[in-house]
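For the sequence shown, the numbering used here begins at 1 and goes up steadily by one.
Even glycine gets a Cβ: it sits at the ideal position worked out from N, Cα and C.
Below: the structure, in structure tokens.
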Amino acid sequence: NASNISKLHVLVAVTCKHGDYIFLLLTSAPAPASGPVFLSGQAAGSVLRRHRRHNRGLFEEFMQGNLERECIEETMLAPTPRLPLWVLSEAEIPSVVPIRPFKRIVGGAEVTPGEIPWQVGLVAQSTGVLFCGGSILGHRWVITAAHCLLETQDSFFIRAGEHNVYIKEGTEQDHEVLEQHIHPRYNVSVSLYNHDIALLYLKTPITFSTTVRPICIGPKAFTEALVKNSSPATVTGWGRTRFLGSTASTLQKVEVPFTDRTECKESSSARITPVMFCAGYDNVDKDACQGDSGGPHANSIHDTWFLTGIVSWGEECAKDGKYGVYTRVSLYYRWINHVMGLTKHRLALDVEDPDP
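The structure is reproduced here in structure tokens:
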């Protein structure tokens, strides 16, 4: 009832659509100071449809069998507050040349084919070598690390549906890149890994299937809460299985917990900027490594997966006292939606204000 609703902390509505169904995810966050939060009338009219009702009370929509929970970029609808512009002073960002980009999973396990359907590989055109990872956001959109686009002088293409890089399994799809959208604040002359995010627009659309489909993204408050409260996250890639070791032939996964920001910053001689976060263990051999760059750091809620980070860099791989460093995807939600054409208004912020 109304009196109970006023006590709830319901703020964020994230919708993910597949076919005829729309999955509405309500997440807990501090209630606004005054007034309700609404979706648009059109969105509210089609937010939730289902085959049948279990009629067992609150959150029945989340019961298994009620909804298919996948997402495409057209339905990433959520109100987000206008925030003041935050600009990181270039003087505060030292070069991190000694730091190595991540190029593979250490201490992980082989993924079941189709288990990580949003994973793609960036493949060099001339050699056929898979040199970085990425994630599918839509039929023609892939997200990756900006520094990956500097690693090859050769043209490259996107491969979706890959599992074993040495075997043709019939699920692979190769797509040429038509446009590269590197974040406007990425400046390699200042730092190789600050604002380490890029979007790729494909020449031809990806065909979705049981083994190839997109991962969801959510607004800042939702994503920040998810990465911290649903730890550990899953990181995947084909990179090295140990520092300077050989790359993996099959897609690997590893679970890594979120690391407290203070502990993260104290662990590294390089600056951990506000647009980065750490994950991993200080003394357990589980980490991303060389070749995993650009790949997904993903968290799950109610069987729906959201991209919460992008594999960026680290000091060696699974080294004691060191953590993996990831791009903080939550801060780029508006920019991503703007570049993908999901928002038509002028973009006021290309990166949101991080918490202190």
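Best match in the options for proximity to residue i [C-alpha to C-alpha]
i: T211; options: T204, A233, V190 and E172; result: E172
i: L149; options: G314, S293 and P354; result: S293
i: S269; options: Y333, E176 and V325; result: V325
i: A145; options: D174, L122 and H163; result: L122
i: H147; options: R140, F306 and C132; result: C132
i: F222; options: G314, S300 and A109; result: S300
i: V111; options: T204, F208, A225 and T250; result: T250
i: E179; options: H163, S155 and N194; result: S155
i: V329; options: G114, L199 and P257; result: L199
i: I167; options: A248, A109, E263 and P205; result: A248
i: H297; options: K344, I215, R346 and L349; result: I215
i: V165; options: Q252, H139 and T343; result: Q252
i: T262; options: R271, V254 and I136; result: R271
i: Y201; options: M340, D350, V190 and A109; result: M340
i: L130; options: R159, A233 and L226; result: R159
i: L349; options: L342, Y333 and E224; result: Y333
For residue i, the first and last residue of its enclosing alpha helix (DSSP H)
i: T223; result: K220 to N229
i: V357; result: With the chain covering 1 to 356 only, the question about residue 357 has no answer from this structure.
Beta-bridge pairing of residue i - partner residues as DSSP gives them
i: R253; result: A small fix is needed here, since residue 253 is Lys in this sequence, not Arg. Looking at the DSSP assignment, K253 forms a beta bridge with A109 and T236.
i: E179; result: Y201
i: L349; result: Paired residues: none, contrary to the question.
i: L307; result: A298
i: A279; result: F258 and G324
i: C216; result: F306
i: D174; result: R159
i: N362; result: Not covered by the structure: residue 362. The range shown for the chain is 1 to 356.
The beta strand (DSSP E) enclosing residue i, as first and last residue numbers
i: C132; result: L130 to G138
i: N299; result: P296 to I301
i: V123; result: Q119 to A124
i: R271; result: Unbroken run through R271: none, as it is neither H nor E.
i: R159; result: F156 to A160
i: I143; result: W141 to T144
Proximity below 8 angstroms, CB of residue i to CB of residue j
i: L307; j: I217; result: yes
i: W118; j: R213; result: yes
i: H183; j: W335; result: yes
i: T236; j: I143; result: no
i: S267; j: K322; result: yes
i: G314; j: T327; result: no
i: N187; j: T273; result: no
i: C278; j: T304; result: no
i: G239; j: G134; result: no
i: M276; j: S312; result: yes
i: I206; j: H139; result: yes
i: V177; j: F208; result: no
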